[in-house]
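Novice: So for the sequence shown, my numbering puts the first residue at 6; every next one is plus one.
Cβ coordinates follow ideal geometry from the N, Cα and C atoms, glycine included.
Since the model is a prediction, treat every value here as computed from it, not as a measurement.
Quick one: this structure, given as structure tokens, is what I'll be asking you about.
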Amino acid sequence: MHWCKASRYNLIGLFTLLLAAYGCKPDVKQSNGTLKYFDLSGYFKAEAARLSKKAKPVVKTVSYNGQAETKNILIRNWPRELDLFSSSDINKAAWKDSYNIAKAGDSVVYTAIDTNLHTRKMVIRFSRGRLSGVAITNFTKNMLYQTGEKLIYYPDSLYYIEKHQHVKLLGANNYQISGKF
Numbered sequence: 006m007h008w009c010k011a012s013r014y015n016l017i018g019l020f021t022l023l024l025a026a027y028g029c030k031p032d033v034k035q036s037n038g039t040l041k042y043f044d045l046s047g048y049f050k051a052e053a054a055r056l057s058k059k060a061k062p063v064v065k066t067v068s069y070n071g072q073a074e075t076k077n078i079l080i081r082n083w084p085r086e087l088d089l090f091s092s093s094d095i096n097k098a099a100w101k102d103s104y105n106i107a108k109a110g111d112s113v114v115y116t117a118i119d120t121n122l123h124t125r126k127m128v129i130r131f132s133r134g135r136l137s138g139v140a141i142t143n144f145t146k147n148m149l150y151q152t153g154e155k156l157i158y159y160p161d162s163l164y165y166i167e168k169h170q171h172v173k174l175l176g177a178n179n180y181q182i183s184g185k186f
């Protein structure tokens with residue numbers, strides 16, 4: 006069926022074009038050129054560079070379904086280590102009005118208006134004008150799996166990742182990763 010093959014190729018081409026167009030979206034910026042929300046991706050890119058330059062060992066604990074292992078290691082790829090934090094950035098064009106912003110004392114809280122968004126809540130804390138902590142709650146649910154993540158970061162002190170995942174037919178998995186500087 007020649008007509009069927011041509012249609013399939015057209016669909017593949019259209020799908021590829023849509024993916025390329027989606028990947029070319031610029032960051033959400035207000036008219037004054039600044040990002041609408043806290044630049045989480047930029048912050049963790051700078052932190053990864055700073056920690057790579059510092060090159061100090063970290064006490065890292067990894068726990069999978071209750072079985073933990075702790076090692077004193079030198080992390081050589083900080084961008085990968087902090088990727089869950091960076092990928093929780095909410096400065097996406099499609100999300101420009103998707104978060105409520107509440108400022109209370111030394112904290113800024115971003116809460117998702119739409120409960121289908123992956124990053125549900127992000128709390129940025131400051132002390133003496135400097136970032137002192139980040140807490141992020143992520144959640145994704147679809148027909149195949151459900152994943153919840155709790156991410157905590159304190160500069161020069163600790164990073165913590167807690168992930169609960171339930172995949173249909175495979176069951177539940179729980180992960181915890183902590184790194185102490």
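State the Cα-Cα distance for the pair ILE129 and MET148, rounded to the nearest angstrom.
Specialist: 32 Å
Novice: What is the residue span of the beta strand (DSSP E) that LEU89 lies within?
Specialist: Not the beta strand (DSSP E): LEU89 falls in the alpha helix (DSSP H), residues 88-91.
Novice: The alpha helix (DSSP H) with LYS59 in it runs from where to where?
Specialist: 45-59
Novice: Could you tell me whether the Cβ atoms of ALA53 and TRP83 are closer together than 7 Å?
Specialist: A contact, by the Cβ cut-off of 7 Å.
Novice: Give the single residue among ALA98, ARG125 and ALA60 whose Cα lies nearest to the Cα of ILE106.
Specialist: ARG125
Novice: Can you look up ARG85 in the DSSP assignment and give me helix, strand or coil?
Specialist: ARG85 sits in a helix when the DSSP states are folded into three classes.
Novice: How is GLY18 classed by DSSP in three states: helix, strand or coil?
Specialist: Unreliable placement is indicated for GLY18, whose pLDDT of 44 sits below 50; the coordinate value is still reported in the next sentence. Looking at GLY18 - three-state DSSP - the assignment turns out to be helix.
Novice: Within 10 angstroms of its Cβ, does VAL139 collect 16 or more other Cβ (buried), or is it exposed?
Specialist: buried
Novice: My guess is that LEU163 and GLY176 are in contact by the Cβ rule of under 8 Å, so how many angstroms apart are they, rounded?
Specialist: In fact, because the Cβ distance is near 30 Å, the residues do not count as touching under 8 Å.
Novice: Could you tell me which of VAL114, ASP119 and LYS155 sits nearest to ASP102, measuring between CA atoms?
Specialist: In terms of Cα proximity to ASP102, the closest of VAL114, ASP119 and LYS155 is ASP119.
Novice: Measure the CB-CB distance between THR152 and GLN181 and report whether it falls below 7 Å.
Specialist: no
Novice: Nearest-angstrom Cα distance between ILE95 and GLU74?
Specialist: 32 Å
Novice: Over what stretch of residues does the beta strand (DSSP E) that includes HIS1 continue unbroken?
Specialist: Look at the range of the chain in this structure, 6 to 186, and you will see that residue 1 is not part of it.
Novice: In chain order, which alpha helix (DSSP H) runs of at least 4 residues are fully inside the region 75-159?
Specialist: Qualifying alpha helix (DSSP H) stretches, in chain order: 83-86 and 88-91.
Novice: Would you decide whether ILE166 is buried or exposed? Buried here means 16 or more other CB atoms lie within 10 Å of its CB.
Specialist: It is buried - the Cβ of ILE166 has at least 16 other Cβ atoms within 10 Å.
Novice: Hey, could you find the ends of the beta strand (DSSP E) THR66 is sitting in?
Specialist: 63-69
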